[in-house]
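Beneath this line is the structure, given in structure tokens, with notes to follow.
There are 4 protein chains.
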Amino acid sequence: MKPGGGSASRLAMVPRYSRPEMSAIWSAENRYRIWWQIEVFAAEAMGKIGMIPAEDAATIRAAYDRDMLGKIDIDAIDAIEAVTKHDVIAFLTWAGEKLGPERRWLHQGMTSSDVLDTALAVQLKQAADLLIDDIDKLLDVLKRRALEHKLTPTIGRSHGIHAEPTTFGLKLAQAYAEFVRNRQRLIAARDDVATCAISGAVGTFANVPPSVEEHVAEALGLTPEPVSTQVIPRDRHAHFFATLGVIASSIERLATEIRHLQRTEVLEAEEYFSPGQKGSSAMPHKRNPVLTENLTGLARMVRGYALPAMENVALWHERDISHSSVERFIGPDATITLDFALGRLTGVVDKLIVYPERMQKNLDRMGGLVHSQRVLLALTQAGLSREESYALVQRNAMKVWESDGQLSLLELLKADPEVSQRLSADELNALFNLDYHFKHVDTIFDRLFGPSA
Amino acid sequence: MKPGGGSASRLAMVPRYSRPEMSAIWSAENRYRIWWQIEVFAAEAMGKIGMIPAEDAATIRAAYDRDMLGKIDIDAIDAIEAVTKHDVIAFLTWAGEKLGPERRWLHQGMTSSDVLDTALAVQLKQAADLLIDDIDKLLDVLKRRALEHKLTPTIGRSHGIHAEPTTFGLKLAQAYAEFVRNRQRLIAARDDVATCAISGAVGTFANVPPSVEEHVAEALGLTPEPVSTQVIPRDRHAHFFATLGVIASSIERLATEIRHLQRTEVLEAEEYFSPGQKGSSAMPHKRNPVLTENLTGLARMVRGYALPAMENVALWHERDISHSSVERFIGPDATITLDFALGRLTGVVDKLIVYPERMQKNLDRMGGLVHSQRVLLALTQAGLSREESYALVQRNAMKVWESDGQLSLLELLKADPEVSQRLSADELNALFNLDYHFKHVDTIFDRLFGPSA
Amino acid sequence: MKPGGGSASRLAMVPRYSRPEMSAIWSAENRYRIWWQIEVFAAEAMGKIGMIPAEDAATIRAAYDRDMLGKIDIDAIDAIEAVTKHDVIAFLTWAGEKLGPERRWLHQGMTSSDVLDTALAVQLKQAADLLIDDIDKLLDVLKRRALEHKLTPTIGRSHGIHAEPTTFGLKLAQAYAEFVRNRQRLIAARDDVATCAISGAVGTFANVPPSVEEHVAEALGLTPEPVSTQVIPRDRHAHFFATLGVIASSIERLATEIRHLQRTEVLEAEEYFSPGQKGSSAMPHKRNPVLTENLTGLARMVRGYALPAMENVALWHERDISHSSVERFIGPDATITLDFALGRLTGVVDKLIVYPERMQKNLDRMGGLVHSQRVLLALTQAGLSREESYALVQRNAMKVWESDGQLSLLELLKADPEVSQRLSADELNALFNLDYHFKHVDTIFDRLFGPSA
Amino acid sequence: MKPGGGSASRLAMVPRYSRPEMSAIWSAENRYRIWWQIEVFAAEAMGKIGMIPAEDAATIRAAYDRDMLGKIDIDAIDAIEAVTKHDVIAFLTWAGEKLGPERRWLHQGMTSSDVLDTALAVQLKQAADLLIDDIDKLLDVLKRRALEHKLTPTIGRSHGIHAEPTTFGLKLAQAYAEFVRNRQRLIAARDDVATCAISGAVGTFANVPPSVEEHVAEALGLTPEPVSTQVIPRDRHAHFFATLGVIASSIERLATEIRHLQRTEVLEAEEYFSPGQKGSSAMPHKRNPVLTENLTGLARMVRGYALPAMENVALWHERDISHSSVERFIGPDATITLDFALGRLTGVVDKLIVYPERMQKNLDRMGGLVHSQRVLLALTQAGLSREESYALVQRNAMKVWESDGQLSLLELLKADPEVSQRLSADELNALFNLDYHFKHVDTIFDRLFGPSA
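Chains W, G, R and F, in that order, give the protein sequences. For the first sequence, the working numbering gives the first residue as 1, with consecutive numbering after it. For the second sequence, the working numbering gives the first residue as 454, with consecutive numbering after it. For the third sequence, the working numbering gives the first residue as 907, with consecutive numbering after it. For the fourth sequence, the working numbering gives the first residue as 1360, with consecutive numbering after it.
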């Protein structure tokens, strides 16, 4: 028996953060269709081995092939469930009415979880496939924009403080590499969760032999669960939802980057702002990174679903049903939200307005401090100890820092006799060349996109 | 601007785990009504201080008093939002059309968050009031059943192993005390979150003076937020949702107790099983604790919402909107689920089938081992050291243990000369008296329910 | 029996993030001293009611008063525990050797948890008192610096984008108010967790009457636990650690604010940078907000401890010991880390270098856009509809925005005939007055600090 | 600069829950040795390409080969760090003193994170290898005991209620399969985290070419990080720690199973109880499943570390240091605790005392109800509809249920004319045969262990 009366036919989700294709996976319609497939394929397999009459199995299969169910009458099934208080029985009763006496062979020797757990595996597989697709689209956009800005200079920042030059393309290339990893993780998680169990009340195959499970698994594109115990073990699902949490965290990372870049004082990039859009009811001048802020919040939610999924693993003995209510929430909520978030992020990156001049301006604003390490190395190579070099550079760098970039490090160094006796003006000039920093960008891009890109 | 197109007017929740009264709090209807109250009360306050014309404020207030809004046309508001992409502006546009030129004074000097955050505070307060009510109902049922079984003997178990006798009423009394604490925590959390902010774009009251905030706060039963920064600080909400997580954990505790009691081998209590109910599609004999298993899962969800609520605290500068998507989920999901869970738990306790004879049978099955500590103490008082006493009791206890309760500890002790030389048969008999353990039950009940109960 | 051999006498913590006073609370020394107090006070109470000989109770108490334990020999106790595999018995054996035959009365009728749980309550109370102290110190510093910068103008930012002017004092005042709330929450959490249970194996007081519990509770500054079940119920601890998580989140908020302010492009404030400190081994010019970044990470840890604390609530029946290992971690880790973090944050705020000129410069960089809302309101009051006003302001604001603050909103408005026919140059000038935004700062400070501040 | 003064040389962990081999990985000694390897291998690679003098590189390498560091003087390094407030510089200063002037080439063009992050990768790889070893040992024990009890009948339970027969070997086989999956996940997580970055201040290889990274990676058994940004991206670590959380949850599952089996009323298996061990200071008869309860708590901790690891992903721009404090905790805490837990679980399973007679007795106690489904199917096959069969079986099953297993389902069915007219006494007898349930156990074992087992 399943707890809770009423219908399972409505979706759990925030409509604002959902897209139709993923939502459809979690619709009652889709779930019932998968249940029907499982029952039909199982009957087919039972017919083969003579567990039920072959002709009756054929009749059932034929009914499936001509789409016997037609439009699924969810209200009718709900009405039956209100009496039986059991969702699978309710569905089978409704579907059975469309068959003749062969209906008796449906669900033979099976237990509800055979249907429920295998169906959940199909839904999670469908969801994962859609999410992999989402990642592919994101990767396409990231690659295109990374290549576009492969050599657009921008300041790299550690601790929010200017460090050394990098390129905007490298920022996006890093995101690309991160989502390539997430894609691999998701494939592993999908394969982990895509198993089929038709093994009966405690998983012993007492009333239905393993060959039925194998047949249904193959027909659905799943692998047979090696040892089930009425249910498919929940470590698989824990791994799956934890993986979604990791992907969500990567979304947050890129969203946070964009939020930073759009800050008033930085303004190196902006979310696309459509004409006519209002940023604030009170302040007409506002153009806010609301999409990426929103993604930050959505990431928190998806991440939060990993914990209850892990708590679901330790079911009692062969199974208890505590996992079920959790999965009714996080099954749809985590996948729908992540699908929406990946789509939104793809749109943000696709249409991101990039300001290369502003990047250059910011890069220049520290009076050349970003080249300090290079000077340090040159001094070392000119014979000073690391400590002496560090002190020489730092005493000039601090003056530039305190001038808020009004002073020029290059000029100060030229004027510092202890420096100029070791490095000529020409040598110093050469140390302040931006291209120096970009000489290996090609290597990195080759690593990611191959030499052709 | 708020992210996401589409309507905010549909609910995020699993219908199976929701009840109408709590769901209504999170309906678009309720939210718009609260927005309207805030705008009207603010206009009223502005009229008082001459910030807007007094007669126009009076017109607006009169419109409110005669329920100008009537039935709220959510589709119309959605249609406006699809253009403006701003929910508060969309609502004000729709509502303003029902007014004359005084509509211009609506929202004067206010910012969207003044409305949104104050409205959320009202919704959370309404939700908390309902949850407090839920707890009151649960407390009533727990008290009634605790008194009913005040002196029903049952074995107390530590580590799942029989320890010493207690009463079933004491088990329920503990749950009662726990929910009294949860009630107090929830009141504190409600008061924490029930604040009103009408303080403008960065909380300086630049365009609307504090007196407006004070007026609106009083009219809505809130307290003014001492320092807001466009938004109400999210530590309040974090505290609120963390408190719901604690309450959910208490629900899990009592649910787990009942699940244990219903185990086949224990069977000291059972969830009510209605005639005609099917426990399993495969196994007709099953009567499963599915409601409390379900509560265990729901507790995992509510607990999981505490984390994103805490992550919401560190908004950037005066505010970013990352909290918003999180709250669209957890606002309804946490309160609706907890409301449902409290209601379900109340029903389970109310109708719980208790088997006192089975409790007695289980209590007796260890051959009197549960009295071992008392013998230990008596031997100590008869002059043995603690270590000697322990050894004497243990050597007899182990025999009983290994006989699986077929041997009687009392008889073995009587037959053990080292024991019998110190404690007579009568003295030993007296040590095996159950009432000895219950002499302070009254004291405990008095602590909880007062001397009259 | 406690799981795990070896010693409980060493601390779990990252030394880098701990301070001695809090660490001392979690030392084996302190724990044993509390155990000793519990045993002595319990014996004293038992002596009063004749449960044990009054003179023996007096002997024990006298031993306590002359500090019989002296220096606690942790290695000796460890050695005993290695044999008994039971920590309380090991301690009692060690301590008992210093007494005469009255040692037999120690722990009479008590169970280990009476000692362990009550001792944990004392430790958590001590820890909470220290944390409250920490918050008091932070509040002092926040108040001082808030008053110092009460009227230091700075730009308020929503979504990281310039919004309207505020003051740096208000930013700190908000943090002050937040920690006042955290202080109240912590007091409530401390009182929640500060209970005493001396109630025996399943909480029935079978072998030790409630009066002993009351005496020990009073002597230790605790309240008696109304219904214990061998253990003190863990909802209390869940509430406690969840509260620490909320406080940590507030620390993260202020830390994040400072990290933002120190960004190269913003640089309105900086963590104190001591002469001789090196920011980077590679880049001599770096001055990084490493303390507040560190606090951000520490907040993640403290927050993460809330979940296992909540999972601890649902112990099996009267108790299982799964909570114990969790508490061995989070007891010290959460309190020591939070203590360290509060101390570090206090130091950061205390010595924070504030750059008011830079704040003014940033405030001015948007060409006056921050005054846009005020113009909007003035146009509305001059007779335009809100929509018309919004459009007028926005078309000028967008030009300023696109000029990156090179154009002046004030000048553009003066030159816009549709604006100038409604607002004179003088009127427009007046709308760009910063003080307008600060007129209620006093009110807010009065709310927080009282009228005298 | 790294935050926090003091030493990084002491371990964060609860000694009670740690084992020496894993602890050693997290010792300062091991960390410094890895740092030294990274610096030496990098110098070697730089020598090859002429970035530093080849002979100096050779001198450094030779020093390494003769173990120049010898015993690492952690106190000396700490003392230097107290001045420099920078851990890598402190170490290099100490190590450099043992070299001649070639010391100047150490760390050339590198940044601290090159060393820190690569070293962390090595430590996590070492930890993962140890954990994989732990799992292998657990798998060995699980396999041995699964084969031992391959056909030991026991009742399978869903919802804590007797369902149908299974074997104790199948319970262990399920655990085996689960840890095979965990092993695969851990290998994937290890490979994910085992990358090397020697890419400079913002990952551009400005001052050190990719060939150095490749050389160091190969020497350490790591793969080069395709795009680093001063740091190795933290999605790798998030995946790693989330995987540990999943494994911990599987530990909790098996621990929970054993806790259930040891309950007084069930007592089908027990943790090994050594002679002389004391279960309770108060109750001499207790034998508690404290090891598995302890494992339950440890699982909560390891699971809880997944969240902060995920929050670490969204570092600001090219990096901030907020991840560092988190990793100082969870790096050792998660791996040490999981290592300990795997070892403890292996011990528990290895020495688990199994009571087959008690399993049989429990299996029989429901009066044959466990065979009810089989009767249901037989009736269906005898021509009744599923609904009719269900009703017939249920009405007899309920009588047995209410008799608490005193009545026999088989006898009642024989006496029920509506049953007996369809199934003869012999046919009914045959339906109550236990072996029927075990006919596919071989198949399942073959799936797992191969046909030879």
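For glycine and all other residues, C-beta sits at the position ideal for the given N, C-alpha and C. Being a predicted model, the structure only gives us computed values, none of them experimental.
For residue i: DSSP bridge partner residues
i: W/His162; result: W/Arg157
i: W/Thr111; result: W/Thr111 pairs with nothing; no bridge assigned.
i: W/Thr195; result: W/Thr223
i: R/Thr1073; result: R/Pro1059
i: F/Ala1628; result: F/Val1713
i: G/Thr682; result: G/Val684
i: F/Arg1678; result: W/Ser158
Proximal chain G residues relative to residue i, where beta-carbon distance stays under 9 Å
i: F/Asn1647; result: Ser611, His612, Gly613 and Ile614
i: R/Asp1098; result: Arg634, Gln637 and Arg638
i: W/Leu307; result: Arg753, Arg756, Gly757 and Leu760
Best match in the options for proximity to residue i [C-alpha to C-alpha]
i: R/Val1299; options: R/Asp1097, R/Leu1275, R/Ala951 and R/Val989; result: R/Leu1275
i: W/Leu440; options: F/Phe1564, F/Arg1420, F/Phe1450 and F/Gln1732; result: At residue 440 of chain W the sequence reads His, which differs from the Leu that was named. Answer by Cα proximity: F/Phe1564.
i: R/Glu935; options: R/Ser924, R/Ile958, R/Ile983 and R/Ile978; result: R/Ile978
i: F/Ala1774; options: F/His1596, F/Asn1755 and F/Asp1424; result: F/Asn1755
i: R/Leu1036; options: R/Gly1249, R/Ala1175, R/Leu1313 and R/Tyr938; result: R/Gly1249
i: G/Arg634; options: R/Lys1077, R/Glu987 and R/Val1133; result: R/Val1133
i: G/Ile685; options: G/Glu497, G/Arg900 and G/Thr564; result: G/Thr564
i: W/Ser408; options: W/Leu363, W/Gly450 and W/Ala54; result: W/Leu363
Cβ-based burial, residue i [other Cβ within 10 Å; buried from 16]
i: F/Arg1375; result: buried
i: G/Thr896; result: exposed
i: G/Val743; result: buried
i: W/Tyr272; result: exposed
i: G/Ile704; result: buried
i: R/Arg972; result: exposed
i: F/Arg1671; result: First, the residue type needs correcting, since residue 1671 of chain F is Asn and not Arg in the sequence shown. With 16 or more other Cβ atoms within 10 Å, it is buried.
i: F/Gly1364; result: Low per-residue confidence applies at F/Gly1364: pLDDT is 36, beneath 50, and the placement is therefore not dependable, though the value from the model is reported in the following sentence. Under this definition F/Gly1364 is an exposed residue.
Contact set between residue i and chain G, taken where Cβ atoms lie within less than 8 Å
i: W/Ile321; result: Asn741, Val743, Glu746, Asn747 and Gly750
i: W/Glu311; result: Arg753
Listed by chain order, chain F residues near residue i by CB distance under 8 Å
i: R/Gly1151; result: The premise fails here: R/Gly1151 is roughly 11 Å from chain F at the closest Cβ pair, so nothing lies under 8 Å.
Chain-ordered chain F contacts of residue i [CB-CB under 7 Å]
i: G/Asn815; result: Glu1624
Partners in chain F for residue i, counting only beta-carbon separations shorter than 9 Å
i: G/Met812; result: Those do not exist, as G/Met812 stays about 12 Å from chain F at its closest Cβ, beyond 9 Å.
Neighbour list for residue i in chain B, Cβ cutoff strictly below 9 Å
i: G/Trp769; result: Within the model displayed, chain B is absent; protein chains W, G, R and F are what it includes.
Sufficient close CB pairs (3 or more, under 8 Å) joining the segment 1549-1561 of chain F to the segment 1477-1484 of chain F = yes
Count the C-beta pairs between the segment 1377-1388 of chain F and the segment 1066-1074 of chain R that are closer than 8 Å, then say yes if the count reaches three, no if not.
-> no
Using 8 Å as the threshold, is the segment 97-112 of chain W in touch with the segment 46-62 of chain W, meaning 3 or more CB pairs across them?
-> yes
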